[in-house]
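Colleague: Okay, handing you the structure first.
There are 2 protein chains.
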Amino acid sequence: MPLDRSIVLKAALEQLDEVGLDEFSTRKLAAALGVRVGALYWHYASKQALLDAIAEHIAADATAVPLPDGNWAEQLAAIAQALRDAMLAHTDGARVIACMSAPGPMARAFFERLVTVLREAGLDAVTAASAGDVLTSYVNGFTVEEQARGIRRQSRAERDRLFGFGVSVVIGGLRPLVGG
Amino acid sequence: MPLDRSIVLKAALEQLDEVGLDEFSTRKLAAALGVRVGALYWHYASKQALLDAIAEHIAADATAVPLPDGNWAEQLAAIAQALRDAMLAHTDGARVIACMSAPGPMARAFFERLVTVLREAGLDAVTAASAGDVLTSYVNGFTVEEQARGIRRQSRAERDRLFGFGVSVVIGGLRPLVGG
DNA sequence: ACCTGAACACCGTTCAAGT
DNA sequence: ACCTGAACACCGTTCAAGT
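Written as structure tokens, this is what we have:
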């Protein structure tokens with residue numbers, strides 16, 4: 092049977108998990124699929140297009156977890172956790188997100204859900220977008236660092252604790268902005 | 092005259108500024124220095140070692156700006172600004188910092204100054220280290236995003252405003268933790 | 001429509017040998 | 001001590017030609 096975009100994407104995710112972003116190559120991917128390199132370029136325009144598809148996959152995972160009942164702070168914490176989890180699920184996932192060429196539909200959907208929670212908490216459109224940016228910048232910065240260096244320096248429990256602390260600081264900083 | 096580490100580093104910074112991290116190559120660097128590729132490996136063990144030296148240079152710049160008189164919040168804001176400025180001073184500077192293999196002496200000195208401000212504000216050692224991590228994670232996440240995609244989407248003034256907002260949110264979140 | 005074959009223009013790294 | 005020459009083992013991308 093012929094390849095298609097989803098088969099290539101699945102194999103790409105497996106290769107990323109095995110070798111990491113630095114060793115990720117279209118040639119190895121072609122070999123894993125039992126095909127010549129050129130064949131990949133029928134399905135994806137470039138290596139970056141493939142990495143963008145991986146980023147979208149991660150963004151979709153981060154958006155798939157249901158919002159908990161509860162107040163805006165609890166929902167924000169759940170969204171932050173979901174984003175980190177989705178990136179940690181793949182080797183160098185945070186760097187793939189950080190290096191994507193442009194946010195695709197899934198990345199925008201993720202951000203929109205985040206902004207919706209903030210708007211429902213009482214923020215105006217501009218402030219909600221800014222607040223959403225603060226939270227995602229923090230989560231991305233934390234997780235890029237975590238995957239690049241933290242994994243061998245701290246236990247998972249310590250990293251979870253540090254992340255939870257950071258999320259609570261950001262949420263605490265947003266609290267005075269919401270009415271009530 | 093023969094090459095030395097500082098000459099190679101200076102040329103590397105110039106090449107990074109011109110072509111960005113993705114196009115940065117030891118072979119182009121050798122050509123710019125009028126030397127064969129192998130010559131670079133006498134001075135730096137690998138391309139990554141060279142990028143680590145660039146990261147240290149950026150960290151040194153970020154630590155070089157004097158602390159303003161004022162309270163801990165003003166000093167924290169100045170440190171955050173200094174870090175962002177030092178990364179923005181070079182093409183893909185934030186990604187070079189994010190991808191460094193380990194924090195060198197300059198990166199540790201930067202972090203220590205940050206932690207010192209937080210300790211003087213009244214935080215205990217563990218909380219100060221955690222709070223320092225929150226601020227640097229936010230600044231790194233923001234600036235990686237800014238250099239990867241923001242430069243063509245928003246004006247410098249808009250990005251400055253957004254960054255200032257984020258810093259004030261993080262500082263606001265830390266405020267309840269400091270005594271007084 | 002989808003893939004092969006083969007090429008093009010690159011990479012990072014190593015190391016004997018030169019000076 | 002510092003660099004050359006030359007190789008090794010790779011890259012991403014393109015594209016005529018095949019099926």
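Residue numbers (the numbering used here), protein chains in the order written: chain U, 92 to 271; chain L, 92 to 271.
For every residue, glycine included, the Cβ atom is placed at its ideal position computed from N, Cα and C.
1. Cβ of H181 of chain U within 8 Å of Cβ of L107 of chain U?
2. Within 8 Å, do at least three Cβ pairs link the segment 193-211 of chain L to the segment 200-214 of chain U?
3. Does chain L have any CB closer than 8 Å to the CB of N246 of chain U?
4. Nearest to E109 of chain L by CA position, among L:A123, L:S192 and L:Y132, is which residue?
5. Using a C-beta to C-beta distance shorter than 7 Å, which residues of chain L count as neighbours of F202 of chain U?
6. In three-state DSSP terms, what is T234 of chain L?
7. Anything in chain U within Cβ reach of F256 of chain L, meaning under 9 Å, just list it in chain order.
8. Check whether the segment 188-195 of chain L and the segment 231-250 of chain U are in contact - that is, three or more C-beta pairs closer than 8 Å.
9. Whether or not the segment 156-168 of chain L and the segment 127-145 of chain L are in contact is what I'm after, with contact meaning three or more pairs of Cβ atoms, one per stretch, closer than 8 Å; do they touch?
10. Do Y229 of chain U and V261 of chain U have their C-beta atoms within less than 8 Å of each other?
11. What three-state label does DSSP hand R244 of chain L in the structure shown?
12. Let me confirm a value: S97 of chain L is counted as buried when at least 16 other C-beta atoms fall within 10 Å, else exposed. Which label applies?
13. Just to check my reading of the structure: L104 of chain L and L120 of chain L have Cβ atoms closer than 8 Å, yes? What is that Cβ distance to the nearest angstrom?
14. Report yes if the CB atom of S259 of chain U is closer than 8 Å to the CB atom of F256 of chain L, and no otherwise.
15. State buried or exposed for E147 of chain L, treating a residue as buried only when at least 16 other CB atoms are found within 10 Å of its CB.
16. With G232 of chain L and N162 of chain U assumed to form a contact (beta carbons below 8 Å), what rounded beta-carbon distance in angstroms separates them?
17. Just to make sure I have the definition right: I need the residues of chain L whose C-beta is within less than 7 Å of the C-beta of V267 of chain U. Which are they?
Modeller: Per the coordinate set shown:
1. yes
2. no
3. A quick correction: the sequence has Ser, not Asn, at residue 246 of chain U. No, no contact with chain L.
4. L:A123
5. The contacting residues do not exist; F202 of chain U stays about 12 Å from chain L at best.
6. helix
7. T218, S221, A222, D224 and V225
8. yes
9. no
10. yes
11. coil
12. exposed
13. Not confirmed; about 10 Å, so no contact.
14. no
15. buried
16. The Cβ separation is near 25 Å, so there is no contact.
17. Rather than Val, the amino acid found at residue 267 of chain U in this sequence is Pro. In chain order: G263.
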